[in-house]
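Every position in the sequence shown, counted from 1, becomes a number in my numbering once 364 is added. The structure appears right after this line, and notes come after that.
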Amino acid sequence: MRKFTIFSFIILFAITSCNNEDEISNSALLNNQDDSTSEIILQERDPNLPKVWSKKIAPRPSTRASFTDATDFLGNSYAIENGTSIIGDFSNARFPIVNMEKLLERYPSYIIAKELRTTSTEAMSYASFERLETTSSFTKTVKSGFSLNIGPFKLGRKKTVTDIFKHNTSNSEQAVHGELSVEVINGMISLQTAPSALRRISADYLDELFVDALYNSSMVELIQSYGEFVLTSYYTGGRASALYYGLDTQSTDFNSKERDMDKSINATYSWNKDSVSGDFSVGTKDGNSSTETKSFSELHVSIKTLGGAYGYNVATPPYDVKSTSINLTSWLQSLNDSRTHTMIDIQDGGLYPISDFILEENFKQRYNDTHMDFQHQEQLEEPYIEIMKVYVRKSSSGEKLYDIVPVLNTRQGDKLIFSNSSAASQSDAELKANSVATTFTEKSNAIKDEKSKYYKLAIKANPNKVINPILQTTLSFSINDVDEAGMYKFKNTNTNIWYIYNPTSLYCFAYYDDDYILDAYGILDWVNSIPVKSVSMTTLYQRYRIFGL
């Protein structure tokens, strides 16, 4: 078998040597040059191992019945694309990311509550969903510095508007949309989000079912289930939200149509005291439509209230705002009782990406890339090791130089490159030799012989494949000097996550406490033989690079 493998490598190099240098000169190919016909199987996956890459996660109720208090939303996930698109609507809150009960037992000061007792009225208009980015305040509610994909918000708003105004909407160029938000703000609730606090929460105070989902779902599935963000700061009280749809027959450009809608919104609601004791209505009584609405041949509105006493909540189908008025005074006055208050809006910067609550470097990056639509792997896949060339540098003459390394392809599709720190100091001649068939063959077999002591998964080699960790066409992470013989393991009982760590090279592999994950990677026997040695979570997240399996 060994002679056949060596012969196969030589034949492959003979076939590709004429054009290999031209192929790898392309920067895109340099990152992940793939030629499956060059692939050699050095070790088959152990047939006795189960082929299970994911387990069905613990069931969640389709809705959360525990939101009985205005403080219950803190630390929960928040959906944008699959929500109502009304930013601040508690209906968009999904499932716990943070175990708040456990966190506050240990750190009661991590929750901050302030009484504000104020009111707010805001309106916005947009003549197309593409203009939401410039007219909506949504981006302000997301943590500063996070690369935000506005696309899910646009899709969510389009779906909401289409569902509500399904008998009124058209693709007419005359169409323009608006939103009115009237808020009675009682207070603000915030979670401590200093970097040290976020790491501590991520290490010890994540919800058990979220951790289960993190290790049993692709990032696409995780976002679809949980949403994109975590609620860390929001306002409480009562809120009336009105969505408007109209056909503007007098203006043609976007700015003019939006100004017309702004005027119409201001003309069609009445709140004479800006307080809970005043009268409040939306619409025009007795058909006496304002001159501010004359530019619209159609103008409809749908109202939804948040908070308020049972029996006074309002959720209307679309109605003609030019001939009908909805009186919300009773609902407004019911807000005098603070027990009727709920979450109504999100403070600027109050939405944190879920990735800020993930310690695993590859999971964190894959979440961010999935959110930005750079990555889209819908299911977990079979892990395997592939031996290939990794770009190191160029020679003094401009020739590309490589090392030969094993790459662990994870269930998420991440590539963990087991790099050699010594490669950077090797001579040009040493690195150039790695492009010779016999050298690649010898080193690949040596790597296979070493890794097969620990991994019973498939081990492949591809002499015509090159990876560059600097480029990110596929997610790759370079880990220097991986030494399976020098590892220890530690279980964090707060999250049921095991950490297999190397105190010399300061990296660790993390997995949820379920043997099927170890079987997926073919490492159950090896991991069972690793000695247990306690290490603090503070040490792990401050000093080590953590990678999820």
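Backbone N, C-alpha and C define an ideal beta-carbon position, used for all residues, glycine too. Since this is a predicted model, take the numbers as computed values, not measurements.
With at least 16 other beta carbons inside 10 angstroms of its own, asparagine 832 counts as buried.
Looking at the backbone, the Cα of leucine 913 and that of leucine 821 are separated by about 14 Å. Shown here, tryptophan 890 sits in a helix according to DSSP, grouped into three states. Distance between phenylalanine 493 and isoleucine 514, taken at the CA atoms: about 11 Å. Burial state of histidine 531 is exposed, judged by a 10 Å Cβ sphere holding fewer than 16 other Cβ atoms. For the pair serine 566 and glycine 713, the CB atoms are not nearer than the 9 Å cut-off. Taking C-beta atoms as the reference points, phenylalanine 593 and proline 717 count as a pair closer than 9 Å.
Within the stretch 731-759, the complete beta strand (DSSP E) runs of at least 3 residues fall at 748-758. Valine 646 is bridged by DSSP to Tyr633, Ile690. Residue pairing by DSSP places alanine 539 opposite Leu611 in a beta bridge. In the three-state DSSP reduction, proline 411 falls in the coil class, being neither helix nor strand. In this structure the stretch 806-814 touches the stretch 761-771; the number of beta carbon pairs closer than 8 Å is three or more. Between the alpha carbons of serine 659 and serine 615 lies a gap of roughly 8 Å.
Excluding five sequence positions before and after serine 689, the CB atoms of its chain that fall closer than 8 Å to its own CB belong to Ser645, Val646, Gly647, Thr648, Lys649, given in chain order.
By the beta-carbon neighbour count (other beta carbons within 10 angstroms, threshold 16), histidine 705 is buried. In this structure, the CA atom of serine 698 is about 11 Å from the CA atom of valine 548. With three or more CB-CB distances shorter than 8 Å, the stretch 402-421 counts as touching the stretch 577-595. In this chain, the alpha helix (DSSP H) harbouring tyrosine 880 covers 879-885.
In this structure phenylalanine 437 is in contact with leucine 595, their Cβ atoms being roughly 5 Å apart against a cut-off of 8 Å. Under the DSSP assignment, leucine 467 falls in the alpha helix (DSSP H) whose first and last residues are 464-470. DSSP places proline 827 inside the beta strand (DSSP E), whose first and last residues are 823-831. For threonine 485, same chain residues with a beta-carbon under 8 Å away, outside a window of 5 residues either side, are Leu544, Ser545, Val546, Glu547, Trp635, Asp638 in chain order. Residue burial annotation: leucine 480 is exposed, with fewer than 16 other C-beta atoms found within 10 angstroms of its C-beta.
Under the DSSP assignment, arginine 775 falls outside any alpha helix (DSSP H); it carries neither an H nor an E label.
Nearest to threonine 774 by C-alpha distance, out of Asp737, Glu725, Lys764, Ser761, is Glu725. DSSP places threonine 868 in no alpha helix (DSSP H); its state is neither H nor E. Taking a contact as a CB-CB distance under 8 Å, the pair threonine 838 and lysine 779 counts as one, their CB atoms being some 6 Å apart. Going by DSSP, lysine 523 is part of the alpha helix (DSSP H) stretching over 515-528. At a Cβ-Cβ threshold of 9 Å, asparagine 463 and glycine 591 do not count as neighbours. DSSP, reduced to helix, strand and coil, places aspartate 684 within a strand of the structure shown.
Rounded to whole angstroms, the separation of the alpha carbons of phenylalanine 873 and asparagine 866 is 9 Å.
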